[in-house]
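Peer 1:
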Amino acid sequence: MSEPRFESEDLERMLADALRPIEPPERLGSRVESTLSMLTGAAANELSWWADELSETELQALRDPRNWVRPVAAAAVGGVAGTALVLIEVRRRRRGEGLRGFADGIRRAIG
Amino acid sequence: MAESSSTDPAATASGNGAPAGKRDLDRAFEALYREHLRDVYSYCYYRIGNHHDAEDVTEQTFLQAYRHFERAQRESDGRPLRPWLIRIAHNLAANYHRDRSRRPTAALDNVEPVEHPHGTERIVEGRERMREVMSGLDRLSDDRREALIMRFSLGMSNREIARALGRSDGATKVLIHRAIKQLEEELQAAGASDE
Numbered sequence: 025m026s027e028p029r030f031e032s033e034d035l036e037r038m039l040a041d042a043l044r045p046i047e048p049p050e051r052l053g054s055r056v057e058s059t060l061s062m063l064t065g066a067a068a069n070e071l072s073w074w075a076d077e078l079s080e081t082e083l084q085a086l087r088d089p090r091n092w093v094r095p096v097a098a099a100a101v102g103g104v105a106g107t108a109l110v111l112i113e114v115r116r117r118r119r120g121e122g123l124r125g126f127a128d129g130i131r132r133a134i135g
Numbered sequence: 018m019a020e021s022s023s024t025d026p027a028a029t030a031s032g033n034g035a036p037a038g039k040r041d042l043d044r045a046f047e048a049l050y051r052e053h054l055r056d057v058y059s060y061c062y063y064r065i066g067n068h069h070d071a072e073d074v075t076e077q078t079f080l081q082a083y084r085h086f087e088r089a090q091r092e093s094d095g096r097p098l099r100p101w102l103i104r105i106a107h108n109l110a111a112n113y114h115r116d117r118s119r120r121p122t123a124a125l126d127n128v129e130p131v132e133h134p135h136g137t138e139r140i141v142e143g144r145e146r147m148r149e150v151m152s153g154l155d156r157l158s159d160d161r162r163e164a165l166i167m168r169f170s171l172g173m174s175n176r177e178i179a180r181a182l183g184r185s186d187g188a189t190k191v192l193i194h195r196a197i198k199q200l201e202e203e204l205q206a207a208g209a210s211d212e
């Protein structure tokens, strides 16, 4: 009887070797940033819908684009790949059509 | 992490005008993104089999996560959110294959072995063995293969995998045990047929 080529104790090590984590490409961060920016546009349309319900202070803050898209410096991911993420400051209000319209915007963007 | 409502005017900060709860939420999401981008991308790559579509599914995963992040945080009760994130990726990858009527197993065969810092002889031997492991993984059922990807690529615990797959801890332990057992048999059989 021949020796088995794969010893049981080696299998888990081989699996870890074969399935080692993959570093994401740097361009992925830019893609996510771009798509989230698109969502910002969808959210901006929502602004006109319920802007009259906001206080003057909130309106002033929301008119400033810096409050909508906050660039985050390129972050080292996994020590190798640098990437960037834009976190969108989208005001969400859980009410009626506003939320549904926003959700539809997201669906269209990622659809 | 803060749980204050973004609709509460009292939560509006004096800084940039955005609600304090919302800023905290975005910071938490940023941390989640940085911490788990590689996990999500690795999982997507091994499920999808090519970088281009893996990027698409990774991107969609984080967008879906962003939509539901506040609720996920609220309902996680302090537990890690990685299983939730991987579950989103898992569902999107399933949609990907369903939409394209592709089997994920076909893609795994095409996965390029990762570079190894070994000598030439060991590289050749290593690559051959790795291809055999990949072929063995291809022959596993989807749920067994997914569990092994979560375990060996992402280093997830049985409990994390159970949460990601929506199974009990016990069922997940059995799933992984059977997956390894089947793979071992597949590789033994492949080795025997080569001799």
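If you're matching them up, the sequences are chains A and B in order. FYI, the numbering for the first sequence is 25 to 135, going by the numbering used here. FYI, the numbering for the second sequence is 18 to 212, going by the numbering used here. Beta carbons: idealized from backbone N, C-alpha and C, even for Gly.
1. Excluding sequence positions up to five away, which residues of its chain have a Cβ less than 6 Å from the Cβ of asparagine 67 of chain B?
2. For the alpha helix (DSSP H) that methionine 167 of chain B lies in, which residues bound it at each end?
3. Would you say threonine 75 of chain B lies against chain A (beta-carbon separation less than 8 Å)?
4. Whole angstroms are fine: how far does the CA of serine 58 of chain A sit from the CA of threonine 75 of chain B?
5. Specify, as a first and last residue, the run of the alpha helix (DSSP H) that asparagine 108 of chain B falls within.
6. Would a C-beta distance cut-off of 8 Å place serine 170 of chain B and leucine 43 of chain A closer than the cut-off?
7. According to the neighbour-count rule (16 or more other Cβ atoms, all chains shown, within 10 Å of its Cβ), is valine 150 of chain B buried or exposed?
8. Taking only beta carbons into account, state which residues of the segment 165-188 of chain B come closer than 9 Å to chain A, listed in chain order.
9. Identify the continuous alpha helix (DSSP H) that holds serine 1 of chain B and give its terminal residues.
10. Considering only the alpha carbon of each residue, which of B:Arg180, B:Glu201, B:His85 and B:His194 lies closest to leucine 42 of chain B?
11. Count the other C-beta atoms from every protein chain shown that fall within 10 angstroms of the C-beta of alanine 123 of chain B, then say buried if there are 16 or more, exposed otherwise.
12. Take leucine 200 of chain B and list the residues in its own chain whose beta-carbon comes closer than 6 Å to its own, dropping the five residues that flank it on each side.
13. Taking alanine 106 of chain B as the reference, which of B:Ala89, B:Asp116, B:Asp73 and B:Ser93 has the closest Cα?
14. Enumerate in chain order the residues of its own chain whose CB-to-CB distance from glutamine 77 of chain B is below 8 Å, with the five nearest sequence positions on each side excluded.
15. Please name the residue, chosen from B:Lys190, B:Leu80 and B:Asp155, that lies closest to arginine 168 of chain B on a Cα-to-Cα basis.
16. Measure how close the beta-carbons of aspartate 41 of chain A and methionine 173 of chain B come, nearest whole angstrom, since I'm counting them as under 8 Å.
17. Could you check whether the Cβ of isoleucine 103 of chain B sits closer than 8 Å to any Cβ belonging to chain A?
18. What do you reckon, are the CB atoms on alanine 71 of chain B and tyrosine 58 of chain B nearer than 8 Å?
Peer 2: So, to answer that:
1. The count along the second sequence starts at 1 and reaches residue 67 of chain B at position 50. Closer than 6 Å at Cβ, skipping near neighbours: no residue.
2. For this step, residue 167 of chain B is matched to residue 150 along the second sequence. From DSSP, the alpha helix (DSSP H) with methionine 167 of chain B extends over 159-169.
3. As a working mapping, residue 75 of chain B is identified with position 58 in the second sequence. Yes, its Cβ sits closer than 8 Å to a Cβ of chain A.
4. Residue 75 of chain B sits at position 58 when you count from the first residue of the second sequence. Residue 58 of chain A sits at position 34 when you count from the first residue of the first sequence. Their backbone Cα atoms lie some 14 Å apart in a straight line.
5. As a working mapping, residue 108 of chain B is identified with position 91 in the second sequence. It spans 99-117 - the alpha helix (DSSP H) in which asparagine 108 of chain B sits, taken as one unbroken run.
6. Residue 170 of chain B sits at position 153 when you count from the first residue of the second sequence. Residue 43 of chain A sits at position 19 when you count from the first residue of the first sequence. Contact flag set, yes.
7. Position 133 of the second sequence, counting from 1, holds the residue named residue 150 of chain B. Label assigned to valine 150 of chain B: buried.
8. Leu165, Ile166, Arg168, Phe169, Ser170, Leu171 and Gly172
9. The requested residue 1 of chain B is not part of the displayed model; chain B covers only 18 to 212.
10. Looking up residue 42 of chain B in the second sequence gives position 25. Ranking B:Arg180, B:Glu201, B:His85 and B:His194 by Cα distance to leucine 42 of chain B puts B:His85 first.
11. For the purposes of this step, residue 123 of chain B is identified with residue 106 of the second sequence, where counting begins at 1. Any reading at alanine 123 of chain B is ruled out, since the residue's pLDDT is 45, under 50, leaving its predicted position unreliable.
12. Counting from one through the second sequence, the residue named residue 200 of chain B turns up at place 183. For leucine 200 of chain B, where only same-chain residues beyond five positions count, the Cβ hits under 6 Å are Gly153.
13. Here residue 106 of chain B corresponds to residue number 89 of the second sequence, with the count starting at 1. Among B:Ala89, B:Asp116, B:Asp73 and B:Ser93, the Cα nearest to that of alanine 106 of chain B is on B:Asp73.
14. Taking the first residue of the second sequence as position 1, residue 77 of chain B is located at position 60. Sequence-distant partners of glutamine 77 of chain B (beyond 5 residues in either direction) whose C-beta falls short of 8 Å from its own C-beta, in its chain, are Leu109.
15. Against the second sequence, residue 168 of chain B aligns to sequence position 151. The residue with the shortest Cα to Cα distance from arginine 168 of chain B is B:Lys190.
16. Within the first sequence, the letter at position 17 stands for residue 41 of chain A. Within the second sequence, the letter at position 156 stands for residue 173 of chain B. In fact, because the Cβ distance is near 17 Å, the residues do not count as touching under 8 Å.
17. The residue you call residue 103 of chain B lines up with position 86 of the second sequence. Closer than 8 Å: no.
18. As a working note, residue 71 of chain B is residue 54 in the second sequence. As a working note, residue 58 of chain B is residue 41 in the second sequence. A contact, by the Cβ cut-off of 8 Å.
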